[in-house]
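Chains as they are written, first to last, in this note's numbering: chain A, 399 to 552; chain B, 399 to 552; chain C, 399 to 552; chain D, 399 to 552.
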């Protein structure tokens, strides 16, 4: 019961299929841990290849899964022939991402016919406790009647 | 001749050293191709591990090198005992990143005692021509008398 | 019970005094309708001087009270000798601001020693119902031991 | 010679007409001082009704003319039957707006069929010298075949 209208019953399969085709998500070790109408969760276990100079998760990993969770949260509410594109996002870092797992939870704030606004909160899990380490506010465009394919942006 | 005041003659070595200690930049195959007062360039060659679902560079790679180029551009103007932290950034995607190399050029718009504002333009190189594919506007904090070390944020 | 630490018992008086000294808030007809630890509400009644070309509240009014509510939400948690400065904000418009009253509710997402992250939601009231028309994510700097006075930024 | 394609020869008249119908721009005392393909300039003379608590131009005035200059810069490149909507913007404050006149210069960074990305720089003029006090990066949507009229957003 999210209040969101579902326009495509296969939304979860479409999200999972698109996620699986992103080489970068695989390289990060990212897993799609939840797909629901208007929300998506992505988790990344710690790995030395994902660090910044202090040995914590790099901000680039945080940004990547914040953006991706927001985009797929948008995608859950789209029609079966639509594609999604990130227009822009803004990310605030709030605490060092020092922990064993990074979790990004994206949710739709405002669905639209042309653009959808989403927020993603990114948490780091340390000793079993979650800590908010970043938040993202972003805008995603719906490309109607476009396969999940490259398109001239804009 | 940039008009920026240099507060640490070793700025280029410090940037190169810090960059080299980021596991994530190595994992992306990123190279620091220019360090100058108030500006930094980073390049990433194409690789299937860096793709989104259409086979182009993933937005997460773009965000990672936009943020990193902005942060190190700030760092070039800091004192020898300062550390730098990304407070936040905003990234607009402008064209698909379809090409052989991604180039991020970060520059300081406004240096400050406490915070520095930077812009990074990200280009994709295809058939030898550069195309602007994203731009970032971000805010970086100076942590005085702090080794380039983990710190409680904020 | 907000979980926020109050560092200055007079926070509400300080916020009200600073708000009252802003000529622009008076010119907008803005009223401070709530001040609590970590949150502030501002209301603006409709007026033809506040419109864009379609006769709705102008985005500039929305931005002004979103930023101001975020800044004063930060200010409620500061020490008695601190001052506050907006570093930056990002504002997403989500629906036309067509109504009789505009309400901005700012709240602290993450208080900090140096910077505080806030979110403001802006609602328009029409026929007694509130509709979310914009959301702001912003960063505010604490200037310690500085009267609520002009300061070199950064 | 801007490199931008003009799709409507009457662009300057349309911008001037739309600007003139904004009650808020009139209330600010804002004047449209330049309209060219892909760029627009707005000026606001100082007035006590436009101040924050230190007697400088309020950030809300800066945001209003940054957004408006960006939106009209977009509008100069649109077709004769298109309308424009601000999707979102991000504004960084860089120096106190202490001066006699505020000048916002908006320019198109990337025109698009659906969305246009613009940047506005805001300067304050004091003793005849301009100082950069803020910069905005924003996204504007084109509404085709829509009078410059209210529209359901998104």
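Note that beta-carbon positions come from the ideal geometry of N, C-alpha and C, so glycine has one too.
Neighbour list for residue 422 of chain C in chain D, Cβ cutoff strictly below 8 Å: Stepping through the third chain from its first residue, residue 422 of chain C is reached at position 24. Correct list: 447, 448, 449, 450, 456, 458 and 459.
Under the three-state DSSP convention, the category residue 528 of chain D falls into: Position 130 of the fourth chain, counted from the start, is the residue given in the question as residue 528 of chain D. Reduced to three states, the DSSP call for residue 528 of chain D is strand.
DSSP bridge partner residues for residue 488 of chain B (one or two, in chain order): Taking the second chain and counting its residues from 1, one reaches residue 488 of chain B at position 90. DSSP, once it has assigned bridges, lists A:488 and B:535 as partnering residue 488 of chain B.
Chain C contact residues for residue 466 of chain A, given Cβ-Cβ distances below 7 Å: Here residue 466 of chain A corresponds to residue number 68 of the first chain, with the count starting at 1. None at all; the shortest Cβ gap to chain C is about 19 Å.
Closer than 8 Å to chain C by CB, residue 533 of chain A: Position 135 of the first chain, counted from the start, is the residue given in the question as residue 533 of chain A. Interface annotation, residue 533 of chain A: in contact with chain C, CB-CB separation under 8 Å.
Cutoff 6 Å; reference residue 494 of chain C; Cβ partners in own chain excluding five residues on either side: Within the third chain, the letter at position 96 stands for residue 494 of chain C. Only 454 meet the Cβ criterion.
Residue 536 of chain C and residue 465 of chain C closer than 8 Å at C-beta: Locating residue 536 of chain C in the third chain gives position 138, counting from the first residue. Locating residue 465 of chain C in the third chain gives position 67, counting from the first residue. Their beta carbons are under 8 Å apart, which means residue 536 of chain C touches residue 465 of chain C by this criterion.
Close-in-space but distant-in-sequence residues of the same chain around residue 456 of chain C (CB under 7 Å, 5 per side omitted): Start at 1 with the first residue of the third chain, and residue 456 of chain C comes out as number 58. Cβ neighbours of residue 456 of chain C within its own chain (closer than 7 Å, five residues either side excluded): 448, 449 and 450.
Proximal chain A residues relative to residue 486 of chain B, where beta-carbon distance stays under 7 Å: The residue you call residue 486 of chain B lines up with position 88 of the second chain. For residue 486 of chain B, the chain A residues whose Cβ falls inside 7 Å of its Cβ are 488, 489, 490 and 491, in order along the chain.
Contact with chain B by residue 416 of chain A, beta-carbon distance below 8 Å: Taking the first chain and counting its residues from 1, the one referred to as residue 416 of chain A is at position 18. Answer yes: the Cβ-Cβ gap between residue 416 of chain A and chain B drops below 8 Å somewhere.
Cβ neighbour criterion (16 or more within 10 Å) applied to residue 527 of chain A: For the purposes of this step, residue 527 of chain A is identified with residue 129 of the first chain, where counting begins at 1. Result: exposed.
Rounded straight-line distance, which links the Cα of residue 401 of chain B to that of residue 525 of chain B: The sequence position of residue 525 of chain B within the second chain is 127, counting from 1. The sequence position of residue 401 of chain B within the second chain is 3, counting from 1. A straight-line Cα-Cα distance of about 35 Å links residue 525 of chain B and residue 401 of chain B.
Per DSSP, the bridge partner or partners of residue 356 of chain C: Any question about residue 356 of chain C goes unanswered here, given that chain C covers just 399 to 552.
Residue 552 of chain D classed as buried or exposed, judged by whether at least 16 other C-beta atoms fall within 10 angstroms: The residue given as residue 552 of chain D occupies position 154 in the fourth chain. Because residue 552 of chain D carries a pLDDT of 39, less than 50, the predicted location of this residue cannot be relied on, and no value is offered for it.
Which residues DSSP lists as bridging residue 521 of chain D, in chain order: Taking the fourth chain and counting its residues from 1, the one referred to as residue 521 of chain D is at position 123. Answer is D:501 and D:530.
Cross-strand partners of residue 443 of chain A (DSSP beta bridge): Along the first chain, read from residue 1 onward, the residue named residue 443 of chain A stands at position 45. Answer is A:499.
Boundaries (first-last residue) of the alpha helix (DSSP H) holding residue 430 of chain C: For the purposes of this step, residue 430 of chain C is identified with residue 32 of the third chain, where counting begins at 1. Per DSSP, residue 430 of chain C belongs to no alpha helix (DSSP H); it is in the beta strand (DSSP E), 429-434.
Through-space distance from residue 459 of chain D to residue 471 of chain B, alpha-carbon basis: The count along the second chain starts at 1 and reaches residue 471 of chain B at position 73. The count along the fourth chain starts at 1 and reaches residue 459 of chain D at position 61. Near 30 Å, if we compare the C-alpha coordinates of residue 459 of chain D and residue 471 of chain B.
Outcome for residue 518 of chain C when other beta-carbon atoms lying within 10 angstroms are tallied against a minimum of 16: Position 120 of the third chain, counted from the start, is the residue given in the question as residue 518 of chain C. By the neighbour-count criterion, in which 16 or more other beta carbons inside 10 Å mark a residue as buried, residue 518 of chain C falls on the buried side.
CB contact below 8 Å: residue 366 of chain A versus chain B: In the structure as shown, chain A starts at 399 and stops at 552, and residue 366 of chain A therefore has no counterpart that could be examined.
Contact with chain A by residue 513 of chain D, beta-carbon distance below 8 Å: Along the fourth chain, one-based indexing puts residue 513 of chain D at 115. Taking a beta-carbon distance threshold of 8 Å, residue 513 of chain D counts as an interface residue toward chain A.
CB contact below 8 Å: residue 462 of chain C versus chain D: Here residue 462 of chain C is taken as the residue at index 64 of the third chain, counted from 1. Closer than 8 Å: yes.
CB contact check: residue 425 of chain D to chain C, cutoff 8 Å: Against the fourth chain, residue 425 of chain D aligns to sequence position 27. For residue 425 of chain D, the nearest CB of chain C lies under 8 Å from its own CB, placing it at the interface with that chain.
C-alpha gap between residue 541 of chain C and residue 463 of chain A, whole angstroms: As a position in the third chain, residue 541 of chain C is number 143, starting the count at 1. As a position in the first chain, residue 463 of chain A is number 65, starting the count at 1. Rounded to the nearest angstrom, the two C-alpha atoms are 33 Å apart.
Alpha helix (DSSP H) segment containing residue 449 of chain C, residue limits: On the third chain, residue 449 of chain C is found 51 positions in, with the first residue counted as 1. Neither: residue 449 of chain C is in no alpha helix (DSSP H) and is coded neither H nor E.
Short CB-CB distance (under 8 Å) between residue 537 of chain A and chain D: By one-based count along the first chain, residue 537 of chain A stands at place 139. For residue 537 of chain A, the answer is yes, since a Cβ of chain D falls inside 8 Å of its Cβ.
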